[in-house]
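**Student:** Sequence lines, in order, name chains A and B.
In terms of our numbering, the first sequence opens at residue 1 and continues consecutively.
In terms of our numbering, the second sequence opens at residue 485 and continues consecutively.
There are 2 protein chains.
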Amino acid sequence: MTPGRDARGRRARNRAYGRYGDRSRGPYSPGVTAIAELTAALGSGKVLTDPDVTDSYARDRTFLEPGGPLAVVLAESTADVVAVMEWATRHRVPVVPRGAGTGLAGGATAVQGCVVLALQRMTAIRELSPADEIAVVEPGVITADLDRAAREHGLMYAPDPSSYEISTIGGNLATNAGGLRCVKYGVTRDSALGLEVVLADGRILTTGRRTVKGVTGYDLTGLFVGSEGTLGVITSATVRLRRAPLVPPATIAAEFGSLRDAAAAVAAVIAAGCQPSLLEMLDRATLKAIDDWRNIGLEPAVQAMLIAQSDAPDGPAVAERMRELCEENGASFVAVAAGPQEAEELIGLRRLAYHAKERLGACLVEDVCVPRSALPDMISAIEAIAVRHDVLICTVAHAGDGNLHPVFVFDRGLPEPPPEVWAAADEVFREALNRGGTLTGEHGVGLLKRRWLALEAGPVTEEVHLGIKRVFDPLGILNPGKAI
Amino acid sequence: MTPGRDARGRRARNRAYGRYGDRSRGPYSPGVTAIAELTAALGSGKVLTDPDVTDSYARDRTFLEPGGPLAVVLAESTADVVAVMEWATRHRVPVVPRGAGTGLAGGATAVQGCVVLALQRMTAIRELSPADEIAVVEPGVITADLDRAAREHGLMYAPDPSSYEISTIGGNLATNAGGLRCVKYGVTRDSALGLEVVLADGRILTTGRRTVKGVTGYDLTGLFVGSEGTLGVITSATVRLRRAPLVPPATIAAEFGSLRDAAAAVAAVIAAGCQPSLLEMLDRATLKAIDDWRNIGLEPAVQAMLIAQSDAPDGPAVAERMRELCEENGASFVAVAAGPQEAEELIGLRRLAYHAKERLGACLVEDVCVPRSALPDMISAIEAIAVRHDVLICTVAHAGDGNLHPVFVFDRGLPEPPPEVWAAADEVFREALNRGGTLTGEHGVGLLKRRWLALEAGPVTEEVHLGIKRVFDPLGILNPGKAI
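1) Looking at the structure shown, is His465 of chain A part of a helix, part of a strand, or coil, going by DSSP?
2) Take Pro958 of chain B as the anchor and find which of A:Gln120, A:Ile468, A:Gly476 has the nearest alpha-carbon.
3) For the stretch 910–934 of chain B, enumerate the residues whose C-beta is nearer than 7 Å to any C-beta of chain A, in chain order.
4) DSSP on Gln341 of chain A, reduced to helix/strand/coil?
5) Per DSSP, which one or two residues make a beta bridge with Asn176 of chain A?
6) Which full runs of the beta strand (DSSP E) of 3+ residues lie inside the stretch 287–318 of chain A, going along the chain?
7) Here's a check: name, in chain order, each residue in its chain whose Cβ is nearer than 7 Å to the Cβ of Ser647 of chain B, leaving out the five neighbours to either side.
8) Can you give the Cα-Cα distance for Arg25 of chain A and Arg470 of chain A, rounded to whole angstroms?
9) Between Val723 of chain B and Ser675 of chain B, which are expected to be in contact by the criterion C-beta below 8 Å, what is the C-beta distance as a whole number of angstroms?
10) Report the residues of the stretch 791–808 of chain B with a CB closer than 7 Å to any CB of chain A, ordered along the chain.
11) If we ignore side chains and look at the alpha-carbon of each, how far apart do Leu70 of chain A and Val32 of chain A end up?
12) Hey, does Val32 of chain A have any beta-carbon neighbour from chain B nearer than 8 Å?
13) Note down the Cα distance separating Cys274 of chain A from Glu280 of chain A, rounded to an integer number of angstroms.
14) Who pairs with Thr395 of chain A in a beta bridge, going by DSSP?
15) Name the chain B residues whose beta carbon is nearer than 7 Å to that of Gly402 of chain A?
16) I want to know whether the stretch 206–225 of chain A touches the stretch 329–344 of chain A - three or more CB-CB distances under 8 Å.
17) Let's test the definition: count the other Cβ atoms within 10 Å of the Cβ of Asp895 of chain B and tell me whether it reaches 16, buried, or not, exposed.
18) Rounded to whole angstroms, what is the Cα-Cα separation between Leu448 of chain A and Ala272 of chain A?
19) Once DSSP output is grouped into helix, strand and coil, what is the label at Glu611 of chain B?
20) Please name the residue in A:Val368, A:Lys357, A:Gly361, A:Trp422 whose C-alpha comes closest to that of Arg523 of chain A.
21) Apart from the five residues just before and just after Thr188 of chain A, which ones in its own chain have a Cβ nearer than 7 Å to its Cβ?
22) State the beta-bridge partners of Asp767 of chain B as determined by DSSP.
23) Check the Cβ of Ile968 of chain B against every Cβ in chain A and list those closer than 8 Å, keeping chain order.
24) Start and end of the alpha helix (DSSP H) containing Pro860 of chain B?
25) Does the beta carbon of Ala149 of chain A sit closer than 8 Å to a beta carbon anywhere in chain B?
26) CB-CB under 8 Å to Arg430 of chain A, same chain, minus the five flanking residues each way: which ones, in chain order?
27) If you drop the 5 nearest sequence neighbours on each side, which residues of the same chain put their C-beta closer than 8 Å to that of Ile385 of chain A?
28) Under a CB-based cut-off of 8 Å, is Val370 of chain A close to chain B?
29) Got a sec: is the Cβ-Cβ distance from Ala615 of chain B to anything in chain A below 8 Å?
30) So that I know if they touch, is there some Cβ in chain B lying closer than 8 Å to that of Ile169 of chain A?
31) Sort out for me which residues DSSP pairs Met640 of chain B with in a bridge.
32) Examine chain A for any beta-carbon lying closer than 8 Å to the beta-carbon of Asn660 of chain B, and answer yes or no.
33) By how many angstroms is the C-alpha of Ala124 of chain A removed from the C-alpha of Glu165 of chain A?
34) Looking only at its own chain, which residues have a Cβ that is under 6 Å from the Cβ of Pro27 of chain A, when we skip the five neighbours before and after it?
35) Please work out which residues of its chain come closer than 8 Å, Cβ to Cβ, to Val464 of chain A, disregarding the five sequence neighbours upstream and downstream, and give them in chain order.
36) Is the stretch 215–224 of chain A in contact with the stretch 249–262 of chain A, if contact means three or more CB pairs nearer than 8 Å?
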């Protein structure tokens, strides 16, 4: 069956990717009285019902067309969240939890007749303990704000998704977000020690602990991290901080005449035990998009760039070793940053990548992850798929993790990706899975990748997922239709 | 109510800690035909029923008196485990999975009428990929054997519980075992990427992945790790390997006149960002037990010893810094190992600790973990509890993690710890919890700590635990009565 088409070859758009939920059907109609009850419980400033306003809370960073929310609640406390969930259980209203809406998989896309539970006002850092190297934070804290607060004490919050200046900790937890530094420091789950969660019926569950280690009971913290709001609403998290490096990181950028050479350099850097704190790859299509925008003087022969950083005490020596390894693997030029400002300029190239691509058209951002040894072949496969389907694919990769972000660019005038983009994306997913990889390294399944979920998670996994979902959310009101 | 006594003050031994399961009651009686069916399915060499033999598979390293197993199965393959679980579901026979039986919480203690499912024959390292830095191993692989296999490729398997020369990966996964190196490299969960699990009804579930990152679906890998055999039987694990350090670690041992000084030195080492790969504390009672056995020339004024190691490339410089920090915090003497052999002698002191204590009597080994800042107070509290109850408590600690192992020594002639030991242990648990700590940092709840579980995990957690248990094991046949 052609991707994007049903068994008869018809466009499946409206079924699979059109407006999520059907306004005309209206399975959830709690009515005016119920909303009045909610407003009475919370106070009028926290409940928004004007469609012009609520619609702005209905989307994330995908093209997915949301259903219309019944209301948006701007929660300010755990008690507010409890009140919403008790009310939602009473009236059987679906609830879509929301952080900053920076997700790339439709996890926060509103469903028809839902309440969007926005947590962006819960911005308290309830505690920051330098001695225990932990912080207790509310879900609306901006990721970079927590990092900055930690740095005042010589500490850092390690996870740094590309959106970290605008994303929230709650959203990061919901998707188990990764980032650039996670090649050394791990993903969000590796920094989450414990959670306060409001369950579907309003009960408060406390998971995990304040200690570095602990094995009392099942790992419920891990279960909630990455569950995309389908099991409960996180209202507080105890997160692990780490010692911030004492010296500025040492940074290099290497240009290659082929993506395979760049991938070989990645393998060499890992195998040499360099432990980079950042190891990013940009393909020519991405570099060209940046060059067209900011004129970085891109040479015609450059097919790929690696940006690598070491924040170890002997960073400059490690950077020098990485430079040698890049040259041994065919790099035509390697820039070594002379200081923090030059380093920031090199890293800046990577941070420009997504915006540079958005200038070219609408973007479907994918997120496959393969075992590191499969990186060169996976990159070749993506290049071949782009040619075969005549689709522009710009790829950046958290190369040290084998995590690729092929971005499929399409005509901004279209309401959704055209069939050739879906066909190309479908092949990318299958190539990744065939190489022992996964559909999503750090963005989540959301709404966008549910169509492919069964390719990775077999029927037993699906049964187990549904069983766990029923334990936490027997009425199915928490972010229905997402993630699993 | 006095611990170890019921509401009327009666000895609660037989109810709470006596023979687990009552032979006379016999809730599970599948009979001779069923055993014949099991033997036919597996082959006679794999099913043991002679009580003299099966009893040797019924205990772990605790004093807990097991129930009598109906049979012991020596599984050799995933297919064997599937056959056992299908049979057990048909006949509703409880199954107690078992690795090497080195557990310290009774997680592998047989229950009356069960089948002990021993996995120690499943010793294949199915794959070891240096390029991807992963191994796929069966549960019966000895932890240190995997580490040795990895080191042939310049890699290491980081988790190293004290029992790592005799414990199995399967047991480590079941308890989410820690170890000495986990102060730097994390616990077993941090090295587990994916699992093959046989569910209670014999279905095979595959969790996780081969990639470093991945967020497709719920974190089922994390859910099984530390679940103590109550949710499924792990038949294979994809584990993460790490680059082995290129140079031998640098090691110091520091003597202190007080435990609080030693604890202050621990805090200073962590705060200075030394990132030790090992940071162990031994109290005087432990040192004395070692000295009585091996004559290490223990000075009368020495109340505590810290052993610290750095495996960083600049290890000797870090060790020197740690030496300074120990001296600044009152160390009376610091030995710096001149080479690997001297280092091994210092680490050897730590490895002797448990055996030295076992020479003194029977041991109740506890495992509380507190936030690092609470370590000095927690140590003082344990000292006071020992005096108050006139109980010998020897404490070693994975100090960098705040994970303490107070060992309560009692008369070997007694069938179980006497009331004053339970009373002292009860106070230690409560003191740890009052300081934001946990009952168990790395040993698990098993059977031993279930009595205190409700103090840490409230009623909502308990309901969630039971709900999850029902999803995986609706008949309650998997390691009943353990962990939750």
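Where is the CB? At the ideal position from N, CA and C, for every residue including glycine.
Here the structure is a predicted model, which is why all the values come from computation and not from measurement.
**Tutor:** Concretely, from the data shown:
1) The answer is helix: DSSP assigns His465 of chain A an H, G or I state.
2) Closest option to Pro958 of chain B, Cα to Cα, is A:Ile468.
3) Gly920, Gly921, Thr922, Leu923, Thr924, Gly925, Glu926, Gly928, Val929
4) Correct three-state label for Gln341 of chain A: helix.
5) Answer is none; Asn176 of chain A lacks a bridge partner.
6) 304–310
7) Annotation for Ser647 of chain B: Thr586 place their beta carbon closer than 7 Å to its own, counting only its chain and skipping 5 residues before and after.
8) Only weak support exists for where Arg25 of chain A lies, its pLDDT of 40 falling under 50; the value from the coordinates is given anyway. Taking the straight line joining both Cα atoms gives about 25 Å.
9) 5 Å
10) Pro797, Asp798
11) 10 Å
12) no
13) 14 Å
14) A:Pro406
15) Thr695, Val696
16) no
17) exposed
18) 37 Å
19) strand
20) Outside the modelled stretch of chain A, which goes from 1 to 484, sits residue 523 of chain A, for which no answer is possible.
21) Pro159, Asn172, Leu173, Asn176, Ala177, Val225
22) B:Ala788
23) Within chain A, the C-beta atoms nearer than 8 Å to that of Ile968 of chain B come from Gly217, Tyr218, in chain order.
24) For Pro860 of chain B, the enclosing alpha helix (DSSP H) has its first and last residue at 859–873.
25) no
26) Leu455
27) Excluding positions up to five away in sequence, the list reads Val391, Ile393, Ala424, Glu427, Val428, Glu431.
28) yes
29) yes
30) no
31) Under DSSP, Met640 of chain B takes part in a beta bridge, and its partners are B:Arg726.
32) yes
33) 16 Å
34) Only weak support exists for where Pro27 of chain A lies, its pLDDT of 47 falling under 50; the value from the coordinates is given anyway. So the list is empty, once near-sequence residues are dropped.
35) There are no such residues.
36) Two segments are said to touch when three or more pairs of C-beta atoms, one from each, lie closer than 8 Å; by this definition the stretch 215–224 of chain A does not touch the stretch 249–262 of chain A.
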